[in-house]
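For what it's worth, this note's numbering labels the leading residue of the sequence shown as 504, then goes sequentially.
Quick reminder that beta carbons are idealized off the backbone N, C-alpha and C, glycines included.
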Amino acid sequence: MQQFTDSELFQIIEDDESDRVEFKESLSGDAPGKIREAICAFANDLPRHEKPGFIFVGVRQDKTIVGLSVTDKLLRQLADMKTDGNIVPPPTLTIEKRILTGKEVAVVKVEPSNSPPVRYKGSIHIRIGPRRGIATVQDERILNEKRRYGDRPFDLYPIPTASISDLNLALFNYEYLPQAVSEEILAQNERSLNEQLAATKMITAADQPEPTVLGILTIGKNPQDFLYGAYIQFLKIDGDELSDPIVDSEDIRGAIPDQIRRLDDKLSAHNRIAVDFTSGPVEKRTETYPIEALRQITRNAIMHRTYEGTNSPVRVTWFNDRIEITSPGGAYGGVTAENFGQPDLADYRNPNLAEAMRTFGYVQRFGVGILISRKLLMEAGHPEPEFEILDNYVRATIMSEGQLEIT
(Lines of atoms letter the chains of each structure in order from A and count residues from 1; the text may use other names and numbers.)
(Lines give C-alpha, C1' and ligand atoms only; values in the text may rest on other atoms or scores of the structure.)
Protein backbone atom coordinates (compact mmCIF):
# COMPACT_ATOMS: atom_id res chain seq x y z
CA MET A 1 0.00 0.00 0.00
CA GLN A 2 1.44 3.34 -1.08
CA GLN A 3 3.01 5.52 1.60
CA PHE A 4 2.68 9.28 1.12
CA THR A 5 5.40 11.82 1.91
CA ASP A 6 4.68 15.07 3.74
CA SER A 7 4.92 17.04 0.48
CA GLU A 8 2.41 14.67 -1.17
CA LEU A 9 0.00 15.11 1.75
CA PHE A 10 0.35 18.90 1.47
CA GLN A 11 -0.50 18.61 -2.21
CA ILE A 12 -3.58 16.51 -1.41
CA ILE A 13 -4.72 19.09 1.14
CA GLU A 14 -4.39 21.87 -1.44
CA ASP A 15 -5.99 19.82 -4.25
CA ASP A 16 -9.36 20.99 -5.51
CA GLU A 17 -10.71 17.42 -5.89
CA SER A 18 -13.06 17.75 -2.94
CA ASP A 19 -14.51 14.28 -3.45
CA ARG A 20 -11.22 12.73 -2.32
CA VAL A 21 -10.53 14.87 0.76
CA GLU A 22 -12.36 15.55 4.02
CA PHE A 23 -11.23 17.98 6.74
CA LYS A 24 -12.18 17.90 10.42
CA GLU A 25 -10.76 20.20 13.04
CA SER A 26 -11.39 17.64 15.81
CA LEU A 27 -13.52 14.63 16.73
CA SER A 28 -16.05 16.71 18.64
CA GLY A 29 -19.75 17.15 17.86
CA ASP A 30 -21.03 15.33 14.78
CA ALA A 31 -17.51 14.81 13.37
CA PRO A 32 -17.40 11.01 14.05
CA GLY A 33 -20.59 10.44 12.04
CA LYS A 34 -19.43 12.70 9.20
CA ILE A 35 -16.08 10.91 9.09
CA ARG A 36 -17.86 7.57 8.79
CA GLU A 37 -19.94 8.96 5.92
CA ALA A 38 -16.74 10.11 4.21
CA ILE A 39 -15.11 6.70 4.71
CA CYS A 40 -18.16 5.08 3.10
CA ALA A 41 -18.10 7.54 0.17
CA PHE A 42 -14.36 7.16 -0.44
CA ALA A 43 -14.66 3.36 -0.34
CA ASN A 44 -17.48 3.51 -2.92
CA ASP A 45 -15.36 5.76 -5.21
CA LEU A 46 -18.31 6.52 -7.48
CA PRO A 47 -16.22 8.87 -9.75
CA ARG A 48 -13.80 5.95 -10.31
CA HIS A 49 -10.67 7.84 -9.34
CA GLU A 50 -9.19 4.45 -8.36
CA LYS A 51 -7.17 6.38 -5.79
CA PRO A 52 -7.50 6.56 -2.01
CA GLY A 53 -9.51 9.21 -0.23
CA PHE A 54 -8.11 11.11 2.75
CA ILE A 55 -9.59 12.43 5.98
CA PHE A 56 -7.43 14.91 7.86
CA VAL A 57 -8.32 15.44 11.53
CA GLY A 58 -6.65 18.64 12.73
CA VAL A 59 -7.25 20.61 9.54
CA ARG A 60 -10.01 23.21 9.07
CA GLN A 61 -12.34 23.41 6.10
CA ASP A 62 -10.31 26.36 4.80
CA LYS A 63 -7.28 23.98 4.69
CA THR A 64 -5.55 25.64 7.66
CA ILE A 65 -3.53 23.07 9.61
CA VAL A 66 -4.41 23.76 13.24
CA GLY A 67 -3.28 20.44 14.67
CA LEU A 68 -4.51 18.61 17.76
CA SER A 69 -3.20 16.13 20.31
CA VAL A 70 -3.15 12.85 18.37
CA THR A 71 -3.21 10.39 21.25
CA ASP A 72 -3.43 6.60 21.13
CA LYS A 73 -7.05 7.00 22.26
CA LEU A 74 -7.88 9.21 19.28
CA LEU A 75 -6.19 6.81 16.85
CA ARG A 76 -8.17 3.92 18.38
CA GLN A 77 -11.41 5.91 17.96
CA LEU A 78 -10.64 6.30 14.27
CA ALA A 79 -9.58 2.65 13.88
CA ASP A 80 -12.82 1.51 15.53
CA MET A 81 -14.76 3.10 12.67
CA LYS A 82 -13.64 0.18 10.51
CA THR A 83 -14.55 -2.56 12.97
CA ASP A 84 -17.63 -1.34 14.85
CA GLY A 85 -19.93 -2.89 12.26
CA ASN A 86 -21.58 0.34 11.10
CA ILE A 87 -19.71 0.40 7.76
CA VAL A 88 -20.13 -2.77 5.72
CA PRO A 89 -18.43 -4.51 4.10
CA PRO A 90 -15.41 -3.52 6.24
CA PRO A 91 -13.39 -0.89 4.37
CA THR A 92 -9.65 -0.98 3.83
CA LEU A 93 -8.09 1.96 5.62
CA THR A 94 -4.98 3.03 7.49
CA ILE A 95 -4.69 5.55 10.31
CA GLU A 96 -1.53 7.35 11.33
CA LYS A 97 -0.23 10.38 13.16
CA ARG A 98 1.71 12.82 10.98
CA ILE A 99 3.52 16.06 11.77
CA LEU A 100 2.62 18.77 9.25
CA THR A 101 4.00 22.31 9.69
CA GLY A 102 5.11 21.21 13.14
CA LYS A 103 1.58 20.22 14.21
CA GLU A 104 0.07 16.80 14.89
CA VAL A 105 -2.56 15.64 12.42
CA ALA A 106 -4.42 12.32 12.22
CA VAL A 107 -4.61 11.02 8.66
CA VAL A 108 -7.13 8.39 7.59
CA LYS A 109 -6.46 6.88 4.16
CA VAL A 110 -9.39 4.98 2.62
CA GLU A 111 -8.85 2.60 -0.31
CA PRO A 112 -11.55 2.13 -2.98
CA SER A 113 -13.56 -1.02 -2.28
CA ASN A 114 -13.61 -3.95 -4.69
CA SER A 115 -17.03 -4.88 -3.27
CA PRO A 116 -19.22 -1.79 -3.66
CA PRO A 117 -21.71 -0.58 -2.69
CA VAL A 118 -20.43 0.05 0.83
CA ARG A 119 -23.05 1.16 3.37
CA TYR A 120 -22.96 3.20 6.53
CA LYS A 121 -25.97 2.37 8.74
CA GLY A 122 -27.81 0.98 5.73
CA SER A 123 -27.23 3.97 3.42
CA ILE A 124 -24.82 4.22 0.48
CA HIS A 125 -22.88 7.47 0.77
CA ILE A 126 -21.21 8.91 -2.33
CA ARG A 127 -19.30 12.00 -3.41
CA ILE A 128 -18.76 13.51 -6.85
CA GLY A 129 -17.06 16.87 -6.70
CA PRO A 130 -19.22 19.12 -4.52
CA ARG A 131 -22.15 16.68 -4.62
CA ARG A 132 -22.36 14.46 -1.58
CA GLY A 133 -25.14 12.47 -0.02
CA ILE A 134 -27.08 9.25 -0.43
CA ALA A 135 -26.74 7.28 -3.66
CA THR A 136 -29.63 7.46 -6.10
CA VAL A 137 -30.95 4.41 -7.93
CA GLN A 138 -28.72 5.31 -10.89
CA ASP A 139 -25.69 5.71 -8.58
CA GLU A 140 -26.37 2.22 -7.24
CA ARG A 141 -26.45 0.84 -10.77
CA ILE A 142 -23.05 2.40 -11.48
CA LEU A 143 -21.58 0.91 -8.30
CA ASN A 144 -23.03 -2.50 -9.16
CA GLU A 145 -21.47 -2.29 -12.62
CA LYS A 146 -18.16 -1.27 -11.09
CA ARG A 147 -18.25 -4.35 -8.86
CA ARG A 148 -19.39 -6.54 -11.73
CA TYR A 149 -16.30 -5.86 -13.79
CA GLY A 150 -13.82 -5.24 -11.02
CA ASP A 151 -11.45 -7.55 -9.19
CA ARG A 152 -14.07 -9.25 -7.03
CA PRO A 153 -13.50 -11.41 -3.97
CA PHE A 154 -14.69 -15.00 -4.32
CA ASP A 155 -17.88 -14.41 -2.33
CA LEU A 156 -19.10 -12.18 -5.19
CA TYR A 157 -18.37 -14.63 -7.99
CA PRO A 158 -21.48 -15.63 -9.96
CA ILE A 159 -22.72 -19.21 -9.93
CA PRO A 160 -23.83 -19.74 -13.54
CA THR A 161 -25.71 -22.97 -12.79
CA ALA A 162 -27.94 -21.23 -10.22
CA SER A 163 -30.95 -18.99 -10.76
CA ILE A 164 -33.11 -16.66 -8.68
CA SER A 165 -35.43 -19.61 -8.04
CA ASP A 166 -32.60 -21.07 -5.91
CA LEU A 167 -32.84 -18.10 -3.51
CA ASN A 168 -35.20 -17.86 -0.56
CA LEU A 169 -36.85 -14.55 -1.46
CA ALA A 170 -39.04 -14.52 1.64
CA LEU A 171 -35.93 -14.64 3.83
CA PHE A 172 -34.43 -11.85 1.72
CA ASN A 173 -37.50 -9.58 1.75
CA TYR A 174 -38.62 -9.98 5.35
CA GLU A 175 -35.42 -10.65 7.29
CA TYR A 176 -32.34 -9.53 5.38
CA LEU A 177 -33.40 -6.47 3.38
CA PRO A 178 -34.97 -4.48 6.28
CA GLN A 179 -31.74 -4.93 8.26
CA ALA A 180 -29.39 -4.20 5.34
CA VAL A 181 -31.01 -1.06 3.91
CA SER A 182 -32.14 2.05 5.76
CA GLU A 183 -35.87 2.72 6.19
CA GLU A 184 -35.59 5.89 4.09
CA ILE A 185 -34.22 3.98 1.11
CA LEU A 186 -36.84 1.25 1.42
CA ALA A 187 -39.58 3.87 1.65
CA GLN A 188 -38.61 5.26 -1.76
CA ASN A 189 -39.75 1.94 -3.27
CA GLU A 190 -38.13 2.71 -6.63
CA ARG A 191 -36.09 -0.45 -6.95
CA SER A 192 -37.20 -3.66 -8.59
CA LEU A 193 -36.54 -6.99 -6.90
CA ASN A 194 -33.57 -7.60 -9.20
CA GLU A 195 -32.16 -4.17 -8.37
CA GLN A 196 -32.53 -4.88 -4.66
CA LEU A 197 -30.83 -8.26 -5.03
CA ALA A 198 -28.02 -6.68 -7.06
CA ALA A 199 -27.53 -3.79 -4.62
CA THR A 200 -27.17 -6.25 -1.75
CA LYS A 201 -24.84 -8.41 -3.91
CA MET A 202 -27.06 -11.48 -3.91
CA ILE A 203 -27.00 -11.54 -7.73
CA THR A 204 -24.41 -10.25 -10.19
CA ALA A 205 -26.54 -7.47 -11.70
CA ALA A 206 -30.17 -6.59 -12.30
CA ASP A 207 -29.80 -7.49 -15.98
CA GLN A 208 -27.63 -10.52 -15.20
CA PRO A 209 -29.54 -12.26 -12.39
CA GLU A 210 -27.04 -15.00 -11.63
CA PRO A 211 -26.83 -15.62 -7.88
CA THR A 212 -23.46 -14.88 -6.35
CA VAL A 213 -21.63 -17.12 -3.92
CA LEU A 214 -22.83 -14.70 -1.23
CA GLY A 215 -26.45 -15.04 -2.32
CA ILE A 216 -26.33 -18.83 -2.34
CA LEU A 217 -24.56 -18.97 1.03
CA THR A 218 -26.82 -16.54 2.87
CA ILE A 219 -30.30 -16.87 1.32
CA GLY A 220 -29.92 -19.99 -0.83
CA LYS A 221 -32.51 -22.75 -0.50
CA ASN A 222 -29.91 -25.53 -0.83
CA PRO A 223 -26.41 -23.98 -0.87
CA GLN A 224 -24.66 -27.36 -0.78
CA ASP A 225 -26.04 -28.14 -4.25
CA PHE A 226 -23.56 -25.56 -5.55
CA LEU A 227 -20.90 -25.23 -2.83
CA TYR A 228 -20.42 -28.79 -1.63
CA GLY A 229 -18.21 -28.04 1.37
CA ALA A 230 -20.32 -25.17 2.71
CA TYR A 231 -21.59 -26.97 5.78
CA ILE A 232 -20.58 -27.77 9.36
CA GLN A 233 -19.69 -31.24 10.59
CA PHE A 234 -20.46 -31.64 14.29
CA LEU A 235 -19.19 -34.56 16.38
CA LYS A 236 -19.60 -35.22 20.10
CA ILE A 237 -17.19 -37.92 21.24
CA ASP A 238 -17.28 -39.78 24.56
CA GLY A 239 -13.54 -39.70 25.10
CA ASP A 240 -10.42 -37.77 24.20
CA GLU A 241 -9.58 -39.45 20.86
CA LEU A 242 -11.32 -39.63 17.50
CA SER A 243 -11.39 -43.42 17.84
CA ASP A 244 -13.59 -43.20 20.97
CA PRO A 245 -17.38 -43.71 20.74
CA ILE A 246 -19.42 -41.03 18.94
CA VAL A 247 -22.50 -39.95 20.92
CA ASP A 248 -23.77 -37.29 18.51
CA SER A 249 -23.04 -36.62 14.86
CA GLU A 250 -24.66 -34.23 12.38
CA ASP A 251 -23.81 -32.56 9.09
CA ILE A 252 -25.38 -29.12 9.56
CA ARG A 253 -26.47 -27.86 6.15
CA GLY A 254 -28.63 -25.10 4.72
CA ALA A 255 -27.95 -21.38 4.41
CA ILE A 256 -25.50 -19.71 6.80
CA PRO A 257 -28.19 -18.30 9.16
CA ASP A 258 -29.72 -21.79 9.54
CA GLN A 259 -26.30 -23.36 10.10
CA ILE A 260 -25.43 -20.86 12.83
CA ARG A 261 -28.77 -21.31 14.63
CA ARG A 262 -28.56 -25.11 14.53
CA LEU A 263 -24.93 -25.12 15.63
CA ASP A 264 -25.79 -22.81 18.53
CA ASP A 265 -28.48 -25.30 19.56
CA LYS A 266 -25.94 -28.15 19.45
CA LEU A 267 -23.41 -26.23 21.52
CA SER A 268 -26.03 -25.32 24.13
CA ALA A 269 -27.41 -28.87 24.29
CA HIS A 270 -24.01 -30.40 25.06
CA ASN A 271 -22.80 -27.60 27.34
CA ARG A 272 -23.69 -29.21 30.65
CA ILE A 273 -24.41 -27.16 33.75
CA ALA A 274 -22.62 -27.82 37.05
CA VAL A 275 -24.48 -26.85 40.21
CA ASP A 276 -22.60 -25.86 43.40
CA PHE A 277 -24.79 -26.04 46.54
CA THR A 278 -22.07 -25.73 49.17
CA SER A 279 -19.84 -22.69 48.57
CA GLY A 280 -22.45 -20.05 49.43
CA PRO A 281 -26.02 -19.34 50.48
CA VAL A 282 -27.21 -19.33 46.85
CA GLU A 283 -26.60 -22.20 44.46
CA LYS A 284 -24.11 -21.44 41.70
CA ARG A 285 -24.59 -22.75 38.16
CA THR A 286 -21.57 -22.99 35.87
CA GLU A 287 -21.45 -24.02 32.21
CA THR A 288 -18.74 -26.44 31.14
CA TYR A 289 -17.65 -23.78 28.61
CA PRO A 290 -18.69 -20.10 28.37
CA ILE A 291 -21.18 -20.38 25.51
CA GLU A 292 -20.41 -16.95 24.05
CA ALA A 293 -16.74 -17.90 23.66
CA LEU A 294 -17.79 -20.95 21.64
CA ARG A 295 -20.07 -18.82 19.48
CA GLN A 296 -17.36 -16.26 18.78
CA ILE A 297 -14.83 -18.85 17.63
CA THR A 298 -17.28 -20.97 15.60
CA ARG A 299 -18.69 -17.91 13.84
CA ASN A 300 -15.15 -16.75 13.08
CA ALA A 301 -14.52 -20.15 11.49
CA ILE A 302 -17.63 -19.81 9.30
CA MET A 303 -16.85 -16.22 8.30
CA HIS A 304 -13.15 -16.56 7.53
CA ARG A 305 -13.01 -20.06 5.99
CA THR A 306 -12.34 -20.50 2.29
CA TYR A 307 -15.29 -21.57 0.18
CA GLU A 308 -13.18 -21.76 -2.97
CA GLY A 309 -11.47 -24.88 -4.25
CA THR A 310 -12.41 -27.17 -1.36
CA ASN A 311 -15.18 -29.57 -0.41
CA SER A 312 -14.11 -29.58 3.23
CA PRO A 313 -16.61 -28.40 5.88
CA VAL A 314 -16.01 -26.49 9.08
CA ARG A 315 -15.51 -29.19 11.72
CA VAL A 316 -16.57 -28.86 15.35
CA THR A 317 -15.38 -31.87 17.35
CA TRP A 318 -16.33 -31.98 21.04
CA PHE A 319 -14.14 -34.31 23.13
CA ASN A 320 -14.42 -34.84 26.87
CA ASP A 321 -11.34 -32.72 27.54
CA ARG A 322 -11.53 -30.16 24.72
CA ILE A 323 -13.34 -28.76 21.69
CA GLU A 324 -11.59 -28.47 18.33
CA ILE A 325 -12.88 -26.13 15.61
CA THR A 326 -11.23 -26.57 12.21
CA SER A 327 -11.76 -24.06 9.42
CA PRO A 328 -10.65 -24.71 5.80
CA GLY A 329 -8.15 -22.15 4.54
CA GLY A 330 -5.18 -20.68 6.38
CA ALA A 331 -4.48 -17.12 7.44
CA TYR A 332 -5.43 -14.50 4.87
CA GLY A 333 -4.04 -11.17 3.66
CA GLY A 334 -2.43 -9.11 6.39
CA VAL A 335 -3.10 -11.80 8.99
CA THR A 336 -0.27 -14.31 9.35
CA ALA A 337 0.56 -17.24 11.61
CA GLU A 338 2.79 -14.86 13.60
CA ASN A 339 0.23 -12.09 14.24
CA PHE A 340 -2.95 -14.20 14.27
CA GLY A 341 -5.42 -13.13 16.94
CA GLN A 342 -3.77 -9.82 17.79
CA PRO A 343 -6.24 -7.08 18.77
CA ASP A 344 -7.42 -4.71 16.02
CA LEU A 345 -5.80 -6.85 13.33
CA ALA A 346 -8.16 -8.39 10.81
CA ASP A 347 -8.39 -9.13 7.12
CA TYR A 348 -11.31 -10.55 5.20
CA ARG A 349 -11.25 -13.41 2.75
CA ASN A 350 -15.05 -13.06 2.53
CA PRO A 351 -15.81 -9.37 3.17
CA ASN A 352 -19.36 -9.56 1.87
CA LEU A 353 -20.17 -12.65 3.91
CA ALA A 354 -18.88 -10.69 6.92
CA GLU A 355 -21.31 -7.91 5.97
CA ALA A 356 -24.20 -10.38 5.70
CA MET A 357 -23.43 -11.99 9.05
CA ARG A 358 -23.36 -8.52 10.59
CA THR A 359 -26.71 -7.74 8.94
CA PHE A 360 -28.28 -10.94 10.29
CA GLY A 361 -27.03 -10.02 13.77
CA TYR A 362 -24.45 -12.80 14.16
CA VAL A 363 -21.54 -10.32 14.36
CA GLN A 364 -21.69 -7.17 16.47
CA ARG A 365 -18.32 -5.76 15.48
CA PHE A 366 -15.35 -6.95 13.49
CA GLY A 367 -11.91 -8.10 14.56
CA VAL A 368 -12.65 -8.80 18.24
CA GLY A 369 -14.07 -12.34 18.29
CA ILE A 370 -10.87 -14.03 19.42
CA LEU A 371 -10.20 -11.29 21.96
CA ILE A 372 -13.69 -11.73 23.46
CA SER A 373 -13.37 -15.52 23.57
CA ARG A 374 -9.99 -15.32 25.31
CA LYS A 375 -11.39 -12.97 27.95
CA LEU A 376 -14.46 -15.15 28.60
CA LEU A 377 -12.43 -18.36 28.80
CA MET A 378 -9.93 -16.78 31.20
CA GLU A 379 -12.74 -15.49 33.44
CA ALA A 380 -14.26 -18.99 33.53
CA GLY A 381 -10.94 -20.58 34.52
CA HIS A 382 -10.01 -22.11 31.16
CA PRO A 383 -6.63 -21.91 29.47
CA GLU A 384 -6.34 -19.56 26.49
CA PRO A 385 -7.55 -21.12 23.23
CA GLU A 386 -4.74 -22.53 21.13
CA PHE A 387 -4.56 -21.82 17.39
CA GLU A 388 -2.76 -23.94 14.81
CA ILE A 389 -2.26 -21.93 11.61
CA LEU A 390 -1.29 -23.85 8.49
CA ASP A 391 -1.54 -23.08 4.80
CA ASN A 392 -4.80 -24.97 4.28
CA TYR A 393 -6.61 -24.74 7.61
CA VAL A 394 -6.87 -23.05 11.00
CA ARG A 395 -7.63 -25.14 14.07
CA ALA A 396 -8.75 -23.67 17.39
CA THR A 397 -8.53 -25.87 20.49
CA ILE A 398 -10.49 -24.93 23.62
CA MET A 399 -9.51 -26.95 26.67
CA SER A 400 -11.98 -27.93 29.37
CA GLU A 401 -11.62 -26.32 32.78
CA GLY A 402 -11.75 -29.75 34.39
CA GLN A 403 -14.25 -32.23 35.73
CA LEU A 404 -17.19 -30.66 37.59
CA GLU A 405 -19.96 -32.23 39.67
CA ILE A 406 -22.78 -32.62 37.19
CA THR A 407 -26.46 -32.87 38.16
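Beta strand (DSSP E) containing residue i: first to last residue?
i, result
"L720", "Not the beta strand (DSSP E): L720 falls in the alpha helix (DSSP H), residues 716 to 722."
"Q736", "735 to 740"
"D754", "749 to 755"
"I631", "628 to 631"
Could you tell me the boundaries of the alpha helix (DSSP H) in which residue i lies?
i, result
"I805", "794 to 807"
"G636", "G636 -> not in any alpha helix (DSSP H); beta strand (DSSP E) instead, spanning 634 to 637."
"R861", "854 to 863"
"G870", "No alpha helix (DSSP H) contains G870, which DSSP labels as neither H nor E."
"N547", "534 to 547"
Looking at the strands, I want to know which residues DSSP matches up with residue i.
i, result
"M902", "R825"
"D743", "The partner list for D743 (beta bridge, DSSP) is empty, contrary to what the question assumes."
"F890", "A899"
"Q691", "None, per the DSSP bridge assignment."
"R818", "Q736, T829"
"Q711", "A708"
"K612", "F557, T597"
"F526", "F559"
"K606", "L603"
"I568", "V562"
"Y623", "I590, S626"
"Q661", "According to the sequence as given, residue 661 is Pro; it is not Gln. T715."
"L770", "Answer is none; L770 lacks a bridge partner."
Comparing alpha-carbon positions, which option in the options lies nearest residue i?
i, options, result
"V586", "E614, R825, G872, Y677", "The sequence given here places Thr at residue 586; Val does not occur at that position. Checking every option, the nearest Cα to that of T586 belongs to G872."
"E511", "T595, R622, L603, G732", "L603"
"N725", "A665, S626, M902, E528", "A665"
"D741", "I735, V750, Y734, E599", "V750"
"E540", "G532, E525, P663", "E525"
"Y911", "N823, H807, R650, G870", "In the structure as shown, the chain begins at 504 and stops at 910. Residue 911 is therefore absent and cannot be evaluated."
"Q514", "I568, I542, K527", "I568"
"D642", "E517, Y851, R825, D548", "D548"
"N617", "D583, C543, Q580", "C543"
"P615", "K600, D824, E607, L596", "L596"
"I915", "T639, T900, K878", "Any answer about residue 915 is impossible in this case: the structure gives the chain only from 504 up to 910."
"F737", "Q691, R818, F869, K527", "R818"
"K600", "Q506, A701, Y851", "Q506"
"P760", "L720, F729, D728", "L720"
Which whole-angstrom value is the C-beta distance of residue i and residue j, which I expect to be below 8 Å?
i, j, result
"V611", "R861", "About 21 Å; that fails the 8 Å criterion."
"N855", "D654", "With a Cβ gap of about 14 Å, N855 and D654 do not count as contacting."
"K624", "S529", "Actually they do not touch by this definition, with Cβ atoms about 22 Å apart."
"I892", "G833", "6 Å"
"I722", "L689", "That pair is no contact at about 17 Å."
"P661", "T707", "5 Å"
Could you tell me whether any non-hydrogen atom of the ligand PLP is closer than 8 Å to the CB of residue i?
i, result
"V750", "You won't find the ligand PLP in this model; it holds no ligand whatsoever."
>> Is it the case that the region 758 to 768 contacts the region 741 to 750, given that we only count it when at least three CB pairs across the two stretches are under 8 Å?
In response: no
>> Count Cβ pairs between the region 836 to 847 and the region 796 to 806 that sit closer than 8 Å; are there 3 or more?
In response: The region 796 to 806 and the region 836 to 847 do not touch, with fewer than three beta-carbon pairs separated by less than 8 Å.
> Taking contact to mean at least 3 C-beta pairs separated by less than 8 Å, is the region 801 to 817 in contact with the region 732 to 740?
Replying inline: yes
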